[in-house]
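What follows is one structure encoded as structure tokens, with my remarks underneath.
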Amino acid sequence: MIACSALIPSIAAAFGVNEFFVGKIVWLYMLPYGLMALFYAPLSRSLDCKKILSFSLAVLCLANLFSGLASNLYLLFAARVLAGMSGAAIVPLSLILIAKTSLPQERGKRVGWFFSITFVATLLGLFLSGLLFWRWIFLIPAIGAALVCASVCFYFPNFLPVEEKVKFNYFQVLSEKKVFRLFVYIFLMSFLYHGVRQWLGVYFSKVYGFEQFWVSMLLTTVTLGGIFGESLGGILSDRAGIGRIRVVNAGMALMLFVLLILLFKNALFALFTVMFIWGLGWTFNHSGISTILTDLPHRHLYESAGLNSSVRFLSGGLGMVVGGILVRRSFNLEFAIFAFCLFLLIIFRKKLVIKEA
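726 is the number of the first residue of the sequence shown in the numbering used here; add one for each residue after it.
Written as structure tokens, this is what we have:
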């Protein structure tokens, strides 16, 4: 998804269309992802996670293959929808397995490791997007998904599900004020992050005139900050005297700092530093909140895992759409509005994330 945002200028040039039109490839992935995430987590109550992951990875392989071979932009859009629908199983099921197999004092570290690995994969995609023809950025993940699918089939252990019918208790879970407020916070943070993050490639291309290589390198720096931030944030979330909430607060402060810096014209070296801080801030927030979710009561485990991915991607897709409307007028207008909204969220955060679970 993040590598796709870096490819927007190249894909637009290849098909001879406007960059803002090509930007749909991101939210056409995010919105189906958000909807399908609500389905996979409760399904794991009755089906083995191994079977669900194998199926989703096989479909994801095909979706990336179709993306790389698409002969026109509409086929590419359709393939990204399929990729979002299939890829939605991975994060919810991973959080469920971490919660089931880890002690509370180890969950932050394992959540951090898991998301750090996903950022390593993103880093590779971003780096290669500056060097390879854009179609290979879809074809290589297709090969990778096929290999991972085979590994899951042959080596992944079976996790026996609870013997019960598939049920969706989302309304029951969200009826608890503490849980509802937590997901309101997740919605708002994801909206603000993706509303900025997914247009940074276009920002660097249009405002600074950077070629694809430098756009990809700057976005790669975001991912480097993310790798470091997920691991460190997870470790600090488990640390006595620091904990989940302080890690979340630190992440929000770093993101606000970056938005204020982006209001001014910066040298290339400064942009690399700012992008690293942006990735660090987001992943501090992400790892802290994700660890809080694994601490929720077991009766909420399946629904909270599904809601986490669903809310993040639905709000992220919506944030990108709104961000796209703003950046058509002015990138500085978007940065200023989103910075102000993030400032308000910092002020009212205690009313949403009251205490650790």
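Quick reminder that beta carbons are idealized off the backbone N, C-alpha and C, glycines included.
- Scanning the stretch 819 to 865 for uninterrupted alpha helix (DSSP H) segments of 4 residues or longer gives 829 to 854, listed from N- to C-terminal end.
- Rounded to the nearest whole angstrom, the C-alpha separation of Ala-1064 and Ser-771 is 43 Å.
- Going by DSSP, Glu-901 is part of no alpha helix (DSSP H) at all; its letter is neither H nor E.
- One Cα belongs to Ser-841, the other to Ser-819, and the distance between them is close to 13 Å.
- Here the alpha carbons of Val-999 and Asp-963 stand approximately 27 Å from one another.
- At a Cβ-Cβ threshold of 7 Å, Phe-1060 and Leu-949 do not count as neighbours.
- At a cut-off of 4 residues, the continuous stretches assigned as alpha helix (DSSP H) that sit fully inside the stretch 997 to 1074 are 1026 to 1054.
- Contact annotation: Gly-934 and Ile-733 have beta-carbon atoms that are not nearer than 7 Å.
- In the DSSP assignment, Leu-772 falls outside any alpha helix (DSSP H) and carries neither an H nor an E.
- In the three-state reduction of the DSSP assignment, Val-742 falls in the coil class.
- For Leu-1043, same chain residues with a beta-carbon under 7 Å away, outside a window of 5 residues either side, are Phe-916 in chain order.
- Straight-line measurement puts the Cα of Ser-792 at about 13 Å from the Cα of Phe-858.
- Annotation: the stretch 895 to 966 contains the following complete segments of the alpha helix (DSSP H) (minimum length 4 residues), in chain order: 895 to 899, 902 to 922, 925 to 931 and 937 to 963.
- Each residue's CA atom was taken as its position, placing Tyr-799 and Val-742 some 12 Å apart.
- Taking all protein chains shown into account, His-1011 has 16 or more neighbouring C-beta atoms within 10 Å of its C-beta and is therefore buried.
- The Cβ atoms of Val-877 and Leu-778 sit closer than 7 Å to each other.
- Nearest to Met-980 by C-alpha distance, out of Thr-1008, Phe-997 and Ala-995, is Thr-1008.
- Counting only the Cα atoms, Thr-946 lies some 12 Å from Ala-995.
- Cβ-Cβ separation between Phe-844 and Ile-736: approximately 23 Å, too far for a contact (criterion under 8 Å).
- Nearest to Lys-931 by alpha-carbon distance, out of Phe-745, Gly-812, Ala-739 and Lys-775, is Phe-745.
- Comparing alpha-carbon positions, the option among Leu-801, Lys-903 and Asn-1033 lying closest to Ala-739 turns out to be Leu-801.
- Pro-767 carries a helical assignment under DSSP once its states are collapsed to helix, strand and coil.
- Take Asn-1033, set aside five residues on each side of it, and the residues of its chain with a beta-carbon closer than 6 Å to its own are Leu-1018, in chain order.
- A distance below 6 Å between beta-carbons, with the five flanking residues on each side excluded, links Arg-1074 to no residue of its chain.
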